[in-house]
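S.K.: Have a look at the structure that comes next, please.
There are 2 protein chains.
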Amino acid sequence: MKKKNKKVNAAILIIGNEILSGRTQDKNTAFLTNWLNSKCGIIVNEVRIIPDVEKIIIHNIKNLSKKFNYVFTTGGIGPTHDDITAQSISKAFKLKYGFNKEAYKILENYYGIKNFNDGRKKMAKMPSSAKLIYNPSSAAPGFIVKNVLSLPGVPSILNSMIENCKKFLVKGKSIYSKTLNLHTVESNISKELGQIQKKYNTKVEIGSYPFFRLGSVGVSVVYRSEKKYLLLKVYKDLMKLTKSKKIKLLNI
Amino acid sequence: MKKKNKKVNAAILIIGNEILSGRTQDKNTAFLTNWLNSKCGIIVNEVRIIPDVEKIIIHNIKNLSKKFNYVFTTGGIGPTHDDITAQSISKAFKLKYGFNKEAYKILENYYGIKNFNDGRKKMAKMPSSAKLIYNPSSAAPGFIVKNVLSLPGVPSILNSMIENCKKFLVKGKSIYSKTLNLHTVESNISKELGQIQKKYNTKVEIGSYPFFRLGSVGVSVVYRSEKKYLLLKVYKDLMKLTKSKKIKLLNI
C-alpha cells in the first residue's frame, strides 16, 4: 500500500433489498469504516444503502465514483438472479460484462468441472479489465474496476477478504482519535464544548455522544485530528472543563 | 393514519460522524425499516449515512425530499455544537430557524426555569412551521417539516418516539412476505429460482440469502408481494423445486 500524504476518502454502497426491508441488520458498514479508518487512514464520507435494481446501482456507481477516491460495494455478487452488481458496474463504466479467465479457473477448481453449473459460472462474470480480490473462505472473488471495489454481502466472507484489498489502495494521512467519558449530560457541557470546538476550528473534530448504560448516564467526547499534539491540548481543555463543573470521569 | 391504496416510500438519512468513523454501529436503520414496512406499509428505498456537515445535510435533504414521499432523519438534534440538523433543514427549505414555542415550554417544564440553560434551549429551535413529534423518554421533541421527519440518534429515545410519527404518515399498501429456509447452497438452486422470479416478473420480489449458522449452511428464500395469493403460488413452486432437488427444509 503506497502512502499519500493527504486525505483519502471513500464511500460505501450497500446493495441489498434485505437491508432495506429490515430483514437483515447491516454489519458491513461498521466493519469497513473501522478498517478503512484504522488500517488505511481512509475516511468514509458517505454510506448508501440501495435496492437490487440495475438503474439505481448504475446511477449510484457513476455518482459516487466521481465524488470519492474509492467506492466499496457490498452484496450482489453471488450466483442468483438478484445478484446484479457486476453487470450493473459494467454498464455504469460502459465495459463489457463477461467471464474473467482467472476467476473462472479459480471457481472451476473449487467446485470441480462436474459441479461447475451455470449459477457458479455466473460468479466468474465481471466487467472487462477487472482485477480480482481473492476470497480465502468461499473462493468466489470480489473485484476492482477503476476506483470501485466490489465485495460480497455476507459479513464473514467480506471480513476474510479485506486484507486482499490493501494492495489496491493508497494510504491516507493517519487520523488520531481520543475519547473521554464524562459522568454528565450533554446539555450541561454543550456551551463549553462548543467553545473548545471553535478554538481549534477545523483542525480538531469534536463530537459528543450521550450514553445510557450500566445504570449510568454519561457523555463520550470524541476528538479527532491529523495532529497528535492538538489532541493533548484538547485533553487539557476538557480536563479544565470537568474540574470547573465537578464532573467525574468514567472508565467504560 | 390515513390509508392510501398505492405504494408509499421513504428514505432514511442518518446524520452522524460517529457512524462514519465506525465508532458506533447504526441500529436505527434496521428499526425504522422494520417499523415502516410492518406498521405503515411504507417501503424504504434508500438509506444514506452522512457527516455532521451543514452543506452536505442541506444537499441531501433537498435531494431526498424530492425523490421520496417521506424522509426520516436521525441524529443531530441534541444540545451540542455538532447538532446542526434543525438549522440545516431550515436552510434547505428556506425557513426561519428559531424557537418553537411549544417545544420551549415542554423543555422549560422538564428542566425547570433555573436549569434551562442555552444548550437545553437550543433543542427548542426548529424550522418555522415545524410540528412536534413528542418524546416520552427525554422530553426534547423531534419535528416534522414538509415531508421530513427528524428524530434523535440515540436508538432507545428514537424507539420511544416512533408511535408519535404515525399521525403524520399516510399508510401504503401492505406488503406480504414469506421466508423458506432451505438446507442447500445458493448455487444449487440459482437457475430454478431465476425461472420462478421470471414467471412472476415484478409482481413478486424473490430474494435469496445464504447463511452459515448453528454449524449448518442454508439459504433463506424471501418472497414478497402485495398480493397474498401469489405468495401461495410461489410457495408451491418452491416446494416443487425442493422435491426435485431433494432439499430439506430447515426450521430456524
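So the protein lines, in turn, are chains A and B. Residue numbers for the first sequence, in this note's numbering: 1 to 252. Residue numbers for the second sequence, in this note's numbering: 1001 to 1252. Note that CB positions come from ideal geometry on N, CA and C, so glycine has one too. Nothing here was measured: the structure is a model prediction, and the numbers come from that model.
Tell me the rounded alpha-carbon separation between L1020 (chain B) and E102 (chain A).
M.R.: Roughly 35 Å between the two C-alpha positions.
S.K.: Among B:G1172, B:P1127, B:S1138 and B:Y1104, which one has its Cα closest to the Cα of S1150 (chain B)?
M.R.: Here the closest residue by C-alpha is B:P1127.
S.K.: Determine, using beta carbons only, whether N1017 (chain B) and D1083 (chain B) come nearer to each other than 9 Å.
M.R.: Taking 9 Å as the Cβ cut-off, N1017 (chain B) and D1083 (chain B) do not qualify as a contacting pair.
S.K.: Consult DSSP for P141 (chain A) and reduce its assignment to one of helix, strand or coil.
M.R.: P141 (chain A): strand per DSSP, three-state reduction.
S.K.: Going along chain B in order, which residues have a C-beta closer than 7 Å to the C-beta of P127 (chain A)?
M.R.: None at all; the shortest Cβ gap to chain B is about 20 Å.
S.K.: Would you please state the rounded distance, in angstroms, between the beta carbons of K1171 (chain B) and G1041 (chain B)? I believe it to be under 8 Å.
M.R.: Confirmed, about 5 Å.
S.K.: Looking only at its own chain, which residues have a Cβ that is under 6 Å from the Cβ of L250 (chain A), when we skip the five neighbours before and after it?
M.R.: So the list reads N181, H183 and G218, once near-sequence residues are dropped.
S.K.: Identify each residue in the stretch 1181-1193 of chain B for which the Cβ-Cβ distance to at least one residue of chain A is less than 9 Å, and report them in chain order.
M.R.: The residues in question are V1185, E1186, S1187, N1188, I1189, S1190, K1191 and L1193.
S.K.: Where E1226 (chain B) and D1026 (chain B) are concerned, what is the direct C-alpha to C-alpha distance, given to the nearest angstrom?
M.R.: About 29 Å.
S.K.: Closer than 9 Å, Cβ to Cβ, to anything on chain A: give me those residues from the stretch 1033-1048 of chain B, in chain order.
M.R.: From the stretch 1033-1048 of chain B, only T1033, N1034, W1035, L1036, N1037, S1038, I1043, V1044, N1045, E1046, V1047 and R1048 have a Cβ closer than 9 Å to chain A.
S.K.: Measure the CB-CB distance between L1238 (chain B) and Y1176 (chain B) and report whether it falls below 9 Å.
M.R.: No, they are not a contact pair.
S.K.: Return the CA-CA distance between V1185 (chain B) and V1221 (chain B), expressed in angstroms with no decimal places.
M.R.: Cα-Cα distance, rounded: 11 Å.
S.K.: Name the chain A residues that come within less than 7 Å of Q1087 (chain B), Cβ to Cβ?
M.R.: Here the premise fails: no neighbours, minimum Cβ distance about 13 Å.
S.K.: Along the stretch 1207-1241 of chain B, what residues have a CB closer than 7 Å to any CB found in chain A?
M.R.: Cβ contacts with chain A: G1207, S1208, Y1209, P1210, F1212 and V1222.
S.K.: I want to verify the contact list: residues of chain A whose CB lies under 9 Å from the CB of V1154 (chain B), in sequence order.
M.R.: Near V1154 (chain B) (Cβ distances below 9 Å), the residues of chain A are Y209, P210, F211 and F212.
S.K.: Considering only the beta carbon of each residue, do R23 (chain A) and Y1110 (chain B) sit closer than 9 Å?
M.R.: No, these two residues do not count as a Cβ contact at 9 Å.
S.K.: Is it true that the stretch 160-174 of chain A meets the stretch 107-125 of chain A, where meeting means three or more beta-carbon pairs spaced less than 8 Å apart?
M.R.: Cβ pair count under 8 Å is below three, so no.
S.K.: For F1093 (chain B), which residues in the same chain have their Cβ closer than 7 Å to its Cβ, ignoring the five residues on either side in sequence?
M.R.: So the qualifying residues of the chain are P1127, V1145 and K1146.
S.K.: Buried or exposed for I1015 (chain B), going by 16 or more other Cβ atoms inside 10 Å?
M.R.: Buried.
S.K.: Is the Cβ-Cβ distance between F1068 (chain B) and N1100 (chain B) less than 9 Å?
M.R.: Contact flag unset, no.
S.K.: Since M126 (chain A) is in the beta strand (DSSP E), which residue starts that stretch and which ends it?
M.R.: Unbroken beta strand (DSSP E) run through M126 (chain A): K125 to P127.
S.K.: On a Cα-Cα basis, can you pick out the residue from B:T1073, B:P1051 and B:D1052 that is closest to I1061 (chain B)?
M.R.: When each option's Cα is compared against that of I1061 (chain B), the closest is B:T1073.
S.K.: Check whether the stretch 1126-1142 of chain B touches the stretch 1153-1161 of chain B, counting contact only when three or more Cβ pairs, one atom from each stretch, lie closer than 8 Å.
M.R.: Result yes; three or more Cβ-Cβ pairs closer than 8 Å.
S.K.: Is any beta-carbon of chain A found at less than 9 Å from that of Y1104 (chain B)?
M.R.: No, because no Cβ of chain A sits closer than 9 Å to the Cβ of Y1104 (chain B).
S.K.: Following the continuous beta strand (DSSP E) through E205 (chain A), name the residue where it begins and the one where it ends.
M.R.: Start and end: V204 to R213.
S.K.: Should M1 (chain A) be labelled buried (16 or more other beta-carbon atoms within 10 Å of its own) or exposed?
M.R.: By the 10 Å Cβ count, M1 (chain A) comes out exposed.
S.K.: In the DSSP output, what is T33 (chain A) paired with across the bridge?
M.R.: T33 (chain A) is not bridged to any residue.
S.K.: Does E205 (chain A) have its Cβ less than 9 Å from a Cβ in chain B?
M.R.: E205 (chain A) counts as touching chain B.
S.K.: Roughly how far, in whole angstroms, is the beta-carbon of K1246 (chain B) from the beta-carbon of G119 (chain A), given that I think they are within contact range, below 8 Å?
M.R.: Not really, about 17 Å apart at Cβ, beyond 8 Å.
S.K.: Cα-Cα, which of A:G215, A:Y200 and A:Y229 is closest to I252 (chain A)?
M.R.: Closest by alpha carbon: A:G215.
S.K.: Rank A:L32, A:Y229 and A:K131 by C-alpha distance to the C-alpha of I157 (chain A) and give the top, closest one.
M.R.: The residue with the shortest Cα to Cα distance from I157 (chain A) is A:L32.
S.K.: From what residue to what residue does the alpha helix (DSSP H) around I153 (chain A) run?
M.R.: The question names Ile, but residue 153 (chain A) is Gly in the sequence shown. Note, G153 (chain A): premise wrong, no alpha helix (DSSP H); not H, not E.
S.K.: Out of B:N1063, B:Y1134 and B:Y1235, which one is the CA nearest neighbour of Y1200 (chain B)?
M.R.: Selected option, being the one with the closest Cα: B:Y1235.
S.K.: Exposed or buried, which one is N1028 (chain B) when buried takes at least 16 other CB atoms within 10 Å?
M.R.: By the neighbour-count rule (16 or more Cβ atoms within 10 Å), N1028 (chain B) is buried.
S.K.: So, helix, strand or coil for I15 (chain A), using DSSP?
M.R.: Looking at I15 (chain A) - three-state DSSP - the assignment turns out to be strand.
S.K.: Can you list, in chain order, the residues of its chain whose CB lies under 6 Å from that of K54 (chain A), leaving out five sequence neighbours each side?
M.R.: According to the sequence displayed, residue 54 (chain A) carries Glu and not Lys. Contacts found: I84 and S88.
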